[in-house]
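The listed protein sequences correspond, in order, to chains B and S. Residue numbers for the first sequence follow my numbering, beginning at 116 and rising by one. Residue numbers for the second sequence follow my numbering, beginning at 116 and rising by one. Don't be surprised by glycine CBs; every beta carbon is placed ideally from N, CA and C.
There are 2 protein chains.
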Amino acid sequence: MRATGKRQFKDEIFAQFARIGRALSSGRRLELLELLAQRERGVEELAIETSQSVANISQHLQVLRQAGLVDSRRQGNYIRYRLAADIVLNLWLALRDVGQARLAEIDKLVQAFLKDRSALEAVTCVELQRRIKNGNAIVLDVRPEQEFAAGHIAGARSIPVAELRTRIRELPKRRVIVAYCRGPYCVFADQAVAILRNAGYNALRLDTGFPEWRMKGLPVERDAARM
Amino acid sequence: MRATGKRQFKDEIFAQFARIGRALSSGRRLELLELLAQRERGVEELAIETSQSVANISQHLQVLRQAGLVDSRRQGNYIRYRLAADIVLNLWLALRDVGQARLAEIDKLVQAFLKDRSALEAVTCVELQRRIKNGNAIVLDVRPEQEFAAGHIAGARSIPVAELRTRIRELPKRRVIVAYCRGPYCVFADQAVAILRNAGYNALRLDTGFPEWRMKGLPVERDAARM
DNA sequence: CAGCTATTCAAGTAATCGCTTAAATAGTTT
DNA sequence: AAACTATTTAAGCGATTACTTGAATAGCTG
């Protein structure tokens, strides 16, 4: 308990926690976390989705694994990665909250790239839940099918945004449609709302994505067939 | 909305969030956050407490500020730094939770340095709250006086651990004493419990610190005189 | 067991990081 | 306005990082 020992203890324990910070210090790795928050994936899948080389993504995944943020398991010839625990998702969401609240650049980027977003107010989780209760909205999951299968808002329908134009007739025109996707920095729901409104539908965007909905303890479902 | 623009948007927005991760990627900076979670401080104070040069700490503080994690204000000749918002504290606690749950090295370090800790079970916040309600414990804040003044558990008494041996008679021997400090990786409460038990007191450690207590929305007080 | 394939590792390079020392700045106080 | 002082900045270093390319590994699958 003498002073030097105490300093060494502090140095070492904070250095350990800093390993986690370091894992969060690359935009590429945060993008991987965001993808893995939707569902588990193989290395090549992640490489394609992030437009990176397989070797590079593999190395990033090692960093994430050594920081305890992701887990992997073998499935046939592939190795599938996933978030190691819900507290990891919680950590990523906490970091995102700080960015949203404290970094002006993030707001600027969203404004610049998603020009329509500021015009249209988004639906909150509480409000959507109320609408669901009243049968007052169709909940539309516009993420890729496999992400829907791995888990979605209870009662939601799936039409991936890529298929929305061709499958738009599956949706009734009379009712309000609330579209959601991976999260507030995912563009799928914005695109979906644009397509729907263009076709004369009454569409709104949920202000967050599926992982946030689930972390709030709100009702979710998953495709029992898959997984 | 074409593919290349979308990739660029993702790259840029995740790079922005990564600035926050980078700020968390140094043990030294995490130590600063932990100190600032107790109360605001000047640069030299932080330098002394971390055994670092003033220039080095100043540079770390710039990194933290540019990531939106800390704020500063001038007070007389000094510049005082503080956490920028409660969500920053929330982020640090989320990171710590992940470390505790997922990094075996952290447990090893605690076991090695705080050998007694495993023997003695700690009191949880819920349990302490119950004890307070029943008048069933003395709550003892063993952090330095100024940290107590900046905020403490409602009803707690202050005896900094450095003064505990000389002031131990202020405490009644009949009642259970629950000591707390900065957090689970702070050694003050462990030291205090050791001193108290050695002197024949019935003492226990709270399993977290003041910032965690406050973030849970449990009752706190502050010294109105200071501030 | 041999062949195949997804994944990891290793080496190399340009850029960045943490810390030190020394000088500059900015703001208060006298 | 001058002097002082806390803080920031600049330059320099050794160590580390992100990514690429090319080779190695590990473990299914036929």
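Counting only Cβ pairs nearer than 8 Å, list the residues of chain B close to residue i.
i      : result
S:G250 : Going along chain B, no residue has its Cβ under 8 Å from S:G250, so there is no contact; the nearest lies around 33 Å.
S:A318 : Within chain B, no residue comes near S:A318; the closest Cβ sits about 17 Å away, beyond 8 Å.
Closer than 8 Å, CB to CB, is residue i near chain B or not?
i      : result
S:R122 : yes
S:R329 : no
S:M342 : Model confidence at S:M342 stands at a pLDDT of 39, short of 50, so the residue's coordinates are unreliable; what they give is reported in the following sentence. Judged by the 8 Å Cβ criterion, S:M342 is not in contact with chain B.
S:A307 : no
S:L151 : no
S:G183 : yes
S:R343 : Outside the shown range of chain S, which is 116 to 342, sits residue 343 of chain S, and nothing can be said about it.
S:R134 : yes
S:V335 : no
When the cut-off is 8 Å and only beta carbons count, does residue i lie next to chain S?
i      : result
B:K230 : no
B:D322 : no
Output, in chain order, the set of chain S residues within a Cβ distance shorter than 7 Å of residue i.
i      : result
B:E127 : L224
B:R137 : S140
B:E146 : K125 and F129
Below 8 Å on the Cβ atoms is my contact criterion, and I expect residue i with residue j to pass it. Report the Cβ-Cβ distance as a whole number of Å.
i      : j      : result
S:Q181 : B:G214 : That belief does not hold up - the Cβ atoms of S:Q181 and B:G214 are roughly 12 Å apart, past 8 Å.
B:A151 : B:R188 : As written in the sequence, residue 151 of chain B is Leu, which differs from the Ala given in the question. The Cβ separation is near 13 Å, so there is no contact.
B:P326 : B:L204 : 6 Å
S:L224 : B:F124 : 7 Å
B:A237 : B:L321 : 6 Å
B:L319 : B:V293 : 5 Å
B:A304 : B:Y295 : 5 Å
S:A200 : B:R211 : With a Cβ gap of about 14 Å, S:A200 and B:R211 do not count as contacting.
S:V257 : S:I274 : 6 Å
B:R122 : S:S166 : 6 Å
B:I172 : B:V185 : That belief does not hold up - the Cβ atoms of B:I172 and B:V185 are roughly 12 Å apart, past 8 Å.
S:R195 : S:E155 : 5 Å
B:E149 : B:R297 : 7 Å
B:L286 : B:A307 : About 11 Å; that fails the 8 Å criterion.
S:A252 : S:V291 : 5 Å
B:A144 : B:H175 : Residue identity differs from the one stated: residue 144 of chain B is Arg in this sequence, not Ala. Right, the Cβ-Cβ distance comes to about 5 Å (below 8 Å), so this counts as a contact.
S:I128 : B:I163 : With a Cβ gap of about 20 Å, S:I128 and B:I163 do not count as contacting.
B:I247 : B:G266 : Actually they are not in contact, since the Cβ atoms of B:I247 and B:G266 sit about 17 Å apart, beyond 8 Å.
B:A277 : B:D338 : The pair is not a contact, with the Cβ atoms about 19 Å apart (cut-off 8 Å).
S:V254 : S:R272 : 7 Å
Can you pull the chain S neighbours of residue i, defined as C-beta to C-beta under 9 Å?
i      : result
B:Q131 : G142, G214, L218, E220, I221 and L224
Identify the contact partners of residue i in chain S, using a Cβ-Cβ distance below 8 Å as the criterion.
i      : result
B:S166 : R122
Any residues in the segment 191-213 of chain B with a beta carbon nearer than 7 Å to a beta carbon of chain S? Which ones, in chain order?
From the segment 191-213 of chain B, only A199, A200, I202, V203, N205, L206, A209, L210, R211, D212 and V213 have a Cβ closer than 7 Å to chain S.
Entirely within the segment 142-192 of chain B and at least 4 residues each: give me those alpha helix (DSSP H) ranges in chain order.
Listed in chain order, the complete alpha helix (DSSP H) runs (minimum 4 residues) inside the segment 142-192 of chain B are 142-151, 158-165 and 169-181.
Only counting runs of 4 or more residues, tell me where the alpha helix (DSSP H) segments fall wholly within the segment 262-308 of chain B, in order along the chain.
Runs of the alpha helix (DSSP H) inside the segment 262-308 of chain B: 279-282.
Runs of 3 residues minimum, wholly inside the segment 221-265 of chain B: which ones carry the beta strand (DSSP E) assignment?
Runs of the beta strand (DSSP E) inside the segment 221-265 of chain B: 253-256.
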